[in-house]
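Residue numbering for the sequence shown follows our numbering, beginning at -6 and increasing consecutively. Backbone N, C-alpha and C fix where the C-beta goes; we use that ideal spot for every residue, glycine too.
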Amino acid sequence: GIVGETEAMEEVLERVVQIAPVNSTVLVLGESGTGKELVARGIHALSPRRHRPFIAVNVAALPDTLLESELFGHEKGSFTGASDRRKGFFELANGGSIFLDEIGEMALGTQTKLLRVLEEREFRRVGGEESIRVDVRVIAATNRDLREQVMLGAFRRDLYHRLNILRIDLPPLRARRDDVPRLIDRFIRQFSAEHDRPFLGIEPEALRILVEYDWPGNVRELRNLVESMVVLAPGRVIRAEDIPAEVRFGSRREGLLPVPVTIGHGRPGDGADAEPAEPGQPPAQLEFILRTLFDLRMDMDDLRREFEVYRTRHRDELAIPAGAGAYVPFSQPLAISAPMPVPYAPVPEPAHEPEEGTVVFRPGKTMADMEREAISAALLHSRGNRRRAAEMLGIGERTLYRKLKEYDLDA
(Lines of atoms letter the chains of each structure in order from A and count residues from 1; the text may use other names and numbers.)
(Lines give C-alpha, C1' and ligand atoms only; values in the text may rest on other atoms or scores of the structure.)
Protein backbone atom coordinates (compact mmCIF):
# COMPACT_ATOMS: atom_id res chain seq x y z
CA GLY A 1 0.00 0.00 0.00
CA ILE A 2 0.87 3.68 0.06
CA VAL A 3 3.22 4.64 2.90
CA GLY A 4 3.01 8.14 4.32
CA GLU A 5 1.99 9.95 7.49
CA THR A 6 3.07 13.47 6.60
CA GLU A 7 0.41 16.08 6.00
CA ALA A 8 1.06 16.07 2.25
CA MET A 9 0.57 12.31 1.96
CA GLU A 10 -2.47 12.32 4.25
CA GLU A 11 -4.08 14.73 1.80
CA VAL A 12 -3.24 12.36 -1.06
CA LEU A 13 -4.72 9.37 0.77
CA GLU A 14 -7.87 11.29 1.63
CA ARG A 15 -8.19 12.28 -2.01
CA VAL A 16 -7.80 8.66 -3.15
CA VAL A 17 -10.56 7.50 -0.79
CA GLN A 18 -12.79 10.38 -1.86
CA ILE A 19 -12.60 9.81 -5.62
CA ALA A 20 -12.31 6.00 -5.74
CA PRO A 21 -16.09 5.23 -5.68
CA VAL A 22 -16.96 7.38 -8.73
CA ASN A 23 -16.27 6.72 -12.41
CA SER A 24 -14.79 10.08 -13.42
CA THR A 25 -11.42 10.32 -15.14
CA VAL A 26 -8.44 11.00 -12.85
CA LEU A 27 -5.20 12.85 -13.64
CA VAL A 28 -2.25 12.06 -11.36
CA LEU A 29 0.62 14.54 -11.45
CA GLY A 30 4.05 14.07 -9.92
CA GLU A 31 7.75 13.69 -10.58
CA SER A 32 9.18 10.41 -11.82
CA GLY A 33 9.35 7.83 -9.05
CA THR A 34 6.76 9.40 -6.74
CA GLY A 35 4.38 6.43 -6.96
CA LYS A 36 1.81 7.48 -9.56
CA GLU A 37 1.01 3.89 -10.56
CA LEU A 38 0.65 2.90 -6.90
CA VAL A 39 -1.93 5.66 -6.45
CA ALA A 40 -3.77 4.48 -9.57
CA ARG A 41 -3.86 0.92 -8.24
CA GLY A 42 -5.13 2.25 -4.91
CA ILE A 43 -7.98 4.08 -6.64
CA HIS A 44 -8.92 0.91 -8.53
CA ALA A 45 -8.68 -1.29 -5.42
CA LEU A 46 -11.10 0.95 -3.50
CA SER A 47 -13.55 1.33 -6.38
CA PRO A 48 -16.56 -0.80 -7.34
CA ARG A 49 -14.42 -1.98 -10.28
CA ARG A 50 -11.86 -3.70 -8.02
CA HIS A 51 -12.89 -7.20 -9.15
CA ARG A 52 -12.48 -6.26 -12.80
CA PRO A 53 -9.18 -5.85 -14.74
CA PHE A 54 -6.62 -3.15 -14.04
CA ILE A 55 -4.25 -2.58 -16.97
CA ALA A 56 -1.22 -0.28 -16.77
CA VAL A 57 0.23 1.13 -20.00
CA ASN A 58 3.45 3.14 -20.27
CA VAL A 59 2.71 5.41 -23.21
CA ALA A 60 6.33 6.53 -23.59
CA ALA A 61 7.56 2.94 -23.85
CA LEU A 62 5.60 2.25 -27.05
CA PRO A 63 6.37 3.80 -30.46
CA ASP A 64 3.60 6.00 -31.87
CA THR A 65 2.98 3.53 -34.69
CA LEU A 66 2.41 0.69 -32.21
CA LEU A 67 0.61 2.52 -29.39
CA GLU A 68 -2.68 2.95 -31.25
CA SER A 69 -3.01 -0.75 -32.10
CA GLU A 70 -2.00 -1.72 -28.55
CA LEU A 71 -4.66 0.53 -27.02
CA PHE A 72 -7.51 -0.11 -29.45
CA GLY A 73 -6.59 -3.40 -31.13
CA HIS A 74 -6.45 -4.15 -34.85
CA GLU A 75 -8.17 -6.19 -37.52
CA LYS A 76 -6.52 -8.96 -39.48
CA GLY A 77 -4.52 -7.57 -42.39
CA SER A 78 -4.82 -3.96 -41.24
CA PHE A 79 -1.05 -3.57 -41.53
CA THR A 80 2.04 -5.64 -42.25
CA GLY A 81 2.34 -8.33 -39.60
CA ALA A 82 -1.31 -8.17 -38.49
CA SER A 83 -1.99 -11.85 -39.17
CA ASP A 84 -4.95 -12.05 -36.75
CA ARG A 85 -7.56 -9.84 -35.16
CA ARG A 86 -6.34 -8.61 -31.80
CA LYS A 87 -8.09 -6.94 -28.89
CA GLY A 88 -6.52 -3.80 -27.47
CA PHE A 89 -6.00 -2.77 -23.87
CA PHE A 90 -9.32 -0.91 -23.73
CA GLU A 91 -11.26 -4.04 -24.68
CA LEU A 92 -9.26 -6.15 -22.25
CA ALA A 93 -9.93 -3.65 -19.44
CA ASN A 94 -13.68 -3.50 -20.09
CA GLY A 95 -15.51 -3.06 -16.80
CA GLY A 96 -12.30 -2.15 -15.00
CA SER A 97 -9.66 0.57 -15.09
CA ILE A 98 -6.82 1.49 -17.43
CA PHE A 99 -3.78 3.47 -16.26
CA LEU A 100 -2.07 5.56 -18.94
CA ASP A 101 1.32 6.57 -17.58
CA GLU A 102 3.30 9.38 -19.23
CA ILE A 103 0.20 10.56 -21.08
CA GLY A 104 2.08 13.70 -22.14
CA GLU A 105 4.13 11.61 -24.60
CA MET A 106 1.09 10.51 -26.60
CA ALA A 107 0.98 11.53 -30.27
CA LEU A 108 -1.76 13.94 -31.36
CA GLY A 109 -3.42 11.36 -33.61
CA THR A 110 -3.77 8.89 -30.76
CA GLN A 111 -4.97 11.70 -28.47
CA THR A 112 -7.92 12.21 -30.84
CA LYS A 113 -8.98 8.56 -30.56
CA LEU A 114 -8.55 8.64 -26.78
CA LEU A 115 -10.78 11.71 -26.58
CA ARG A 116 -13.49 9.84 -28.48
CA VAL A 117 -13.31 6.95 -26.01
CA LEU A 118 -13.66 9.34 -23.08
CA GLU A 119 -16.59 11.23 -24.59
CA GLU A 120 -18.51 8.49 -26.41
CA ARG A 121 -17.27 5.31 -24.70
CA GLU A 122 -16.56 3.75 -28.07
CA PHE A 123 -13.77 3.31 -30.62
CA ARG A 124 -12.76 1.37 -33.71
CA ARG A 125 -9.91 -1.07 -34.03
CA VAL A 126 -7.10 -0.15 -36.40
CA GLY A 127 -8.31 -1.16 -39.86
CA GLY A 128 -11.85 -1.79 -38.61
CA GLU A 129 -15.22 -0.18 -39.31
CA GLU A 130 -17.22 -1.55 -36.39
CA SER A 131 -17.66 0.71 -33.36
CA ILE A 132 -16.88 -1.09 -30.12
CA ARG A 133 -18.42 0.15 -26.87
CA VAL A 134 -16.50 -0.16 -23.60
CA ASP A 135 -16.95 0.77 -19.96
CA VAL A 136 -13.48 1.66 -18.71
CA ARG A 137 -12.32 4.17 -16.12
CA VAL A 138 -9.27 6.07 -17.32
CA ILE A 139 -6.55 7.12 -14.86
CA ALA A 140 -3.80 9.12 -16.55
CA ALA A 141 -0.47 10.30 -15.14
CA THR A 142 2.41 12.50 -16.19
CA ASN A 143 5.48 14.24 -14.82
CA ARG A 144 5.14 17.04 -17.38
CA ASP A 145 3.21 20.31 -17.31
CA LEU A 146 0.29 19.52 -19.61
CA ARG A 147 -0.87 23.15 -19.63
CA GLU A 148 2.48 24.11 -21.11
CA GLN A 149 2.16 21.28 -23.65
CA VAL A 150 -1.26 22.64 -24.61
CA MET A 151 0.22 26.10 -25.17
CA LEU A 152 2.96 24.56 -27.35
CA GLY A 153 0.39 22.67 -29.42
CA ALA A 154 1.76 19.28 -28.35
CA PHE A 155 -1.33 18.27 -26.35
CA ARG A 156 -5.01 18.73 -27.17
CA ARG A 157 -6.73 21.32 -25.01
CA ASP A 158 -10.06 19.45 -25.03
CA LEU A 159 -8.34 16.22 -23.99
CA TYR A 160 -6.52 18.00 -21.17
CA HIS A 161 -9.80 19.33 -19.76
CA ARG A 162 -11.43 15.91 -20.19
CA LEU A 163 -8.63 14.22 -18.23
CA ASN A 164 -8.37 16.90 -15.57
CA ILE A 165 -11.80 16.28 -14.02
CA LEU A 166 -10.34 14.83 -10.82
CA ARG A 167 -6.71 15.54 -10.02
CA ILE A 168 -4.15 14.28 -7.52
CA ASP A 169 -0.80 16.03 -7.06
CA LEU A 170 1.89 13.76 -5.60
CA PRO A 171 4.60 15.52 -3.57
CA PRO A 172 8.26 14.67 -4.24
CA LEU A 173 10.04 12.71 -1.53
CA ARG A 174 12.12 15.75 -0.56
CA ALA A 175 8.86 17.50 0.41
CA ARG A 176 7.95 14.75 2.89
CA ARG A 177 11.23 13.81 4.53
CA ASP A 178 9.51 12.52 7.68
CA ASP A 179 8.22 9.61 5.59
CA VAL A 180 11.73 8.48 4.62
CA PRO A 181 12.34 6.38 7.80
CA ARG A 182 8.94 4.71 7.37
CA LEU A 183 9.67 3.90 3.74
CA ILE A 184 13.11 2.55 4.65
CA ASP A 185 11.55 0.34 7.32
CA ARG A 186 8.98 -0.98 4.84
CA PHE A 187 11.58 -1.73 2.16
CA ILE A 188 13.98 -3.37 4.64
CA ARG A 189 11.27 -5.76 5.81
CA GLN A 190 10.26 -6.49 2.23
CA PHE A 191 13.75 -7.20 0.88
CA SER A 192 14.99 -9.02 3.99
CA ALA A 193 12.22 -11.55 3.48
CA GLU A 194 12.47 -11.58 -0.32
CA HIS A 195 16.24 -12.19 -0.40
CA ASP A 196 16.40 -14.20 2.84
CA ARG A 197 18.94 -11.77 4.30
CA PRO A 198 19.16 -10.71 7.94
CA PHE A 199 19.45 -6.95 8.35
CA LEU A 200 20.29 -5.42 11.71
CA GLY A 201 19.43 -1.83 10.93
CA ILE A 202 20.91 1.58 10.22
CA GLU A 203 23.03 3.82 12.41
CA PRO A 204 21.47 7.20 13.30
CA GLU A 205 24.06 9.14 11.27
CA ALA A 206 23.39 7.01 8.19
CA LEU A 207 19.65 7.49 8.64
CA ARG A 208 20.14 11.26 8.94
CA ILE A 209 22.00 11.30 5.61
CA LEU A 210 19.19 9.39 3.91
CA VAL A 211 16.54 11.72 5.34
CA GLU A 212 18.40 14.87 4.28
CA TYR A 213 19.16 13.70 0.73
CA ASP A 214 16.92 15.28 -1.92
CA TRP A 215 16.13 11.99 -3.77
CA PRO A 216 15.80 13.24 -7.37
CA GLY A 217 14.53 9.75 -8.26
CA ASN A 218 12.07 9.91 -5.35
CA VAL A 219 10.67 6.71 -3.80
CA ARG A 220 11.94 4.52 -6.65
CA GLU A 221 15.53 5.66 -6.03
CA LEU A 222 15.19 5.07 -2.27
CA ARG A 223 13.72 1.61 -2.85
CA ASN A 224 16.59 0.56 -5.12
CA LEU A 225 19.19 1.81 -2.64
CA VAL A 226 17.61 -0.06 0.27
CA GLU A 227 17.52 -3.28 -1.75
CA SER A 228 21.22 -2.99 -2.55
CA MET A 229 22.05 -2.34 1.14
CA VAL A 230 20.04 -5.37 2.27
CA VAL A 231 21.75 -7.64 -0.27
CA LEU A 232 25.29 -6.30 0.15
CA ALA A 233 25.38 -5.98 3.94
CA PRO A 234 23.62 -9.01 5.46
CA GLY A 235 23.87 -9.44 9.21
CA ARG A 236 25.33 -6.06 10.09
CA VAL A 237 24.42 -2.44 10.73
CA ILE A 238 24.65 0.09 7.90
CA ARG A 239 26.99 2.98 8.67
CA ALA A 240 27.34 6.35 6.96
CA GLU A 241 30.42 5.11 5.08
CA ASP A 242 28.34 2.35 3.47
CA ILE A 243 26.07 4.85 1.71
CA PRO A 244 27.08 5.74 -1.89
CA ALA A 245 29.07 8.94 -2.19
CA GLU A 246 26.52 10.68 -4.41
CA VAL A 247 23.94 10.27 -1.64
CA ARG A 248 26.31 10.85 1.28
CA PHE A 249 27.53 14.16 -0.08
CA GLY A 250 24.19 15.22 -1.49
CA SER A 251 25.36 14.80 -5.09
CA ARG A 252 22.83 15.28 -7.88
CA ARG A 253 23.40 13.96 -11.38
CA GLU A 254 21.24 16.62 -12.95
CA GLY A 255 23.49 19.54 -13.73
CA LEU A 256 26.25 18.39 -11.39
CA LEU A 257 29.86 19.11 -12.30
CA PRO A 258 32.88 18.10 -10.22
CA VAL A 259 34.38 21.59 -10.65
CA PRO A 260 32.85 24.99 -11.43
CA VAL A 261 33.26 25.80 -15.10
CA THR A 262 32.96 29.20 -16.74
CA ILE A 263 31.99 29.08 -20.39
CA GLY A 264 32.19 32.22 -22.45
CA HIS A 265 31.43 35.46 -20.68
CA GLY A 266 28.79 34.06 -18.33
CA ARG A 267 28.86 32.67 -14.84
CA PRO A 268 29.89 29.11 -13.98
CA GLY A 269 27.32 26.64 -15.24
CA ASP A 270 25.45 29.16 -17.42
CA GLY A 271 24.83 26.39 -19.93
CA ALA A 272 26.10 24.91 -23.15
CA ASP A 273 24.60 27.63 -25.34
CA ALA A 274 27.03 30.35 -24.20
CA GLU A 275 29.48 31.74 -26.71
CA PRO A 276 33.24 31.07 -26.48
CA ALA A 277 35.19 33.50 -24.34
CA GLU A 278 37.87 34.10 -26.96
CA PRO A 279 37.91 34.01 -30.75
CA GLY A 280 39.22 30.74 -32.09
CA GLN A 281 38.15 28.74 -29.04
CA PRO A 282 36.96 25.24 -30.06
CA PRO A 283 33.17 25.01 -30.46
CA ALA A 284 32.94 21.88 -28.25
CA GLN A 285 30.99 22.72 -25.09
CA LEU A 286 33.24 22.09 -22.11
CA GLU A 287 30.44 21.84 -19.59
CA PHE A 288 28.65 19.17 -21.60
CA ILE A 289 31.84 17.15 -21.99
CA LEU A 290 32.60 17.31 -18.27
CA ARG A 291 29.04 16.36 -17.40
CA THR A 292 29.22 13.40 -19.78
CA LEU A 293 32.50 12.17 -18.29
CA PHE A 294 31.24 12.66 -14.75
CA ASP A 295 28.05 10.74 -15.52
CA LEU A 296 30.16 7.94 -16.99
CA ARG A 297 32.04 7.72 -13.71
CA MET A 298 28.78 7.64 -11.77
CA ASP A 299 27.41 4.97 -14.11
CA MET A 300 30.48 2.83 -13.43
CA ASP A 301 29.82 3.15 -9.69
CA ASP A 302 26.23 2.02 -10.26
CA LEU A 303 27.39 -0.86 -12.46
CA ARG A 304 29.83 -2.00 -9.80
CA ARG A 305 27.09 -1.95 -7.16
CA GLU A 306 24.68 -3.89 -9.40
CA PHE A 307 27.38 -6.46 -10.14
CA GLU A 308 27.97 -6.93 -6.42
CA VAL A 309 24.24 -7.47 -5.88
CA TYR A 310 24.26 -10.13 -8.61
CA ARG A 311 27.45 -11.77 -7.32
CA THR A 312 26.19 -11.89 -3.76
CA ARG A 313 22.86 -13.39 -4.80
CA HIS A 314 24.56 -16.22 -6.68
CA ARG A 315 27.52 -16.98 -4.45
CA ASP A 316 26.86 -20.47 -3.13
CA GLU A 317 29.59 -20.36 -0.52
CA LEU A 318 28.04 -17.40 1.27
CA ALA A 319 27.04 -18.76 4.63
CA ILE A 320 23.67 -17.48 5.82
CA PRO A 321 23.48 -17.55 9.64
CA ALA A 322 20.62 -19.17 11.48
CA GLY A 323 17.53 -17.02 11.55
CA ALA A 324 18.29 -15.51 8.16
CA GLY A 325 15.60 -13.19 6.98
CA ALA A 326 14.93 -11.84 10.44
CA TYR A 327 14.84 -8.08 10.66
CA VAL A 328 15.82 -6.03 13.69
CA PRO A 329 14.47 -2.43 13.49
CA PHE A 330 17.20 0.22 13.29
CA SER A 331 15.75 1.93 16.37
CA GLN A 332 16.75 -1.03 18.57
CA PRO A 333 20.03 -0.61 20.52
CA LEU A 334 22.76 -2.79 19.08
CA ALA A 335 26.04 -3.99 20.46
CA ILE A 336 28.19 -5.40 17.70
CA SER A 337 31.78 -5.21 16.63
CA ALA A 338 33.05 -3.23 13.66
CA PRO A 339 30.98 -4.07 10.57
CA MET A 340 32.28 -6.41 7.93
CA PRO A 341 33.54 -4.75 4.74
CA VAL A 342 31.25 -4.85 1.74
CA PRO A 343 32.48 -7.65 -0.56
CA TYR A 344 34.12 -6.29 -3.67
CA ALA A 345 35.47 -7.72 -6.85
CA PRO A 346 36.50 -5.75 -9.93
CA VAL A 347 34.01 -5.70 -12.75
CA PRO A 348 35.37 -8.04 -15.46
CA GLU A 349 36.16 -6.63 -18.85
CA PRO A 350 33.51 -7.66 -21.41
CA ALA A 351 34.63 -10.43 -23.75
CA HIS A 352 32.45 -9.09 -26.52
CA GLU A 353 31.75 -5.83 -28.22
CA PRO A 354 29.36 -3.54 -26.34
CA GLU A 355 25.76 -3.31 -27.48
CA GLU A 356 24.74 -0.60 -29.88
CA GLY A 357 24.00 2.62 -28.01
CA THR A 358 26.70 2.09 -25.37
CA VAL A 359 29.38 4.76 -24.93
CA VAL A 360 32.77 3.21 -24.15
CA PHE A 361 36.11 4.95 -23.61
CA ARG A 362 39.12 3.47 -25.36
CA PRO A 363 42.68 4.77 -25.62
CA GLY A 364 43.04 7.14 -28.55
CA LYS A 365 39.50 8.49 -28.34
CA THR A 366 39.13 12.26 -28.26
CA MET A 367 36.60 14.31 -26.33
CA ALA A 368 34.80 14.94 -29.62
CA ASP A 369 34.55 11.18 -30.20
CA MET A 370 33.01 10.70 -26.76
CA GLU A 371 30.58 13.54 -27.31
CA ARG A 372 29.56 12.21 -30.73
CA GLU A 373 28.95 8.73 -29.32
CA ALA A 374 26.99 10.10 -26.35
CA ILE A 375 24.67 11.98 -28.72
CA SER A 376 24.25 8.92 -30.96
CA ALA A 377 23.45 6.75 -27.94
CA ALA A 378 20.87 9.22 -26.65
CA LEU A 379 19.16 9.36 -30.05
CA LEU A 380 19.14 5.57 -30.20
CA HIS A 381 17.61 5.17 -26.74
CA SER A 382 15.03 7.90 -27.42
CA ARG A 383 14.12 6.30 -30.78
CA GLY A 384 15.11 9.47 -32.59
CA ASN A 385 13.10 11.82 -30.36
CA ARG A 386 15.42 14.82 -30.28
CA ARG A 387 13.67 16.62 -27.46
CA ARG A 388 13.92 13.54 -25.23
CA ALA A 389 17.53 12.96 -26.31
CA ALA A 390 18.40 16.52 -25.31
CA GLU A 391 16.81 15.95 -21.89
CA MET A 392 18.80 12.73 -21.45
CA LEU A 393 22.02 14.58 -22.28
CA GLY A 394 21.19 17.54 -20.06
CA ILE A 395 21.48 20.08 -22.87
CA GLY A 396 19.08 22.33 -24.73
CA GLU A 397 17.44 21.33 -28.00
CA ARG A 398 19.19 24.21 -29.77
CA THR A 399 22.55 22.86 -28.63
CA LEU A 400 21.62 19.34 -29.75
CA TYR A 401 20.65 20.53 -33.23
CA ARG A 402 23.95 22.40 -33.53
CA LYS A 403 25.88 19.30 -32.44
CA LEU A 404 24.00 17.12 -34.92
CA LYS A 405 25.08 19.38 -37.75
CA GLU A 406 28.61 19.68 -36.38
CA TYR A 407 29.09 15.91 -36.27
CA ASP A 408 27.01 15.25 -39.40
CA LEU A 409 24.46 13.25 -37.40
CA ASP A 410 21.31 15.10 -38.46
CA ALA A 411 20.61 12.52 -41.14
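- Secondary-structure assignment with DSSP links A133 through a beta bridge to L20, L93.
- A contact is defined here as three or more CB-CB pairs under 8 Å, and the segment 144 to 157 fails this definition with respect to the segment 50 to 58.
- Leaving aside the five residues that flank A33 on each side, the residues in its chain whose CB is nearer than 6 Å to its CB run, in chain order, F92, I132.
- Between E220 and F184, the C-beta gap is smaller than 7 Å, which places the two residues in contact.
- The residue from R160, R78, R170 with its alpha-carbon nearest to that of T135 is R160.
- A contact between stretches requires three or more CB pairs, one per stretch, nearer than 8 Å, and the segment 42 to 50 fails this requirement with the segment 193 to 206.
- Contact annotation: G35 and V5 have beta-carbon atoms that are not nearer than 7 Å.
- Under the three-state reduction of DSSP output, E115 falls in the strand class.
- For E364, the number of other beta carbons within 10 angstroms of its own is at least 16, and it is reported as buried.
- Inter-segment contact for the segment 114 to 127 and the segment 164 to 171 is absent: fewer than three beta-carbon pairs are separated by less than 8 Å.
- In this structure, the CA atom of L373 is about 42 Å from the CA atom of G228.
- As a beta-bridge residue in DSSP terms, N51 pairs with D94.
- The closest CA to that of G194, considering only A233, I388, R42, E63, is found on A233.
- The C-alpha of A147 lies about 48 Å from the C-alpha of R190.
- Nearest neighbour of E239 by Cα position, chosen from A226, D207, A371, turns out to be D207.
- With contacts defined as CB atoms closer than 7 Å, A382 and S375 qualify as a contacting pair.
- S185: not part of any beta strand (DSSP E); member of the alpha helix (DSSP H) spanning 173 to 187, first to last residue.
- Per DSSP, reduced to three states, the secondary structure at H37 is helical.
- The continuous beta strand (DSSP E) containing D162 extends over residues 159 to 162.
- Take R140, set aside five residues on each side of it, and the residues of its chain with a beta-carbon closer than 8 Å to its own are Y153, in chain order.
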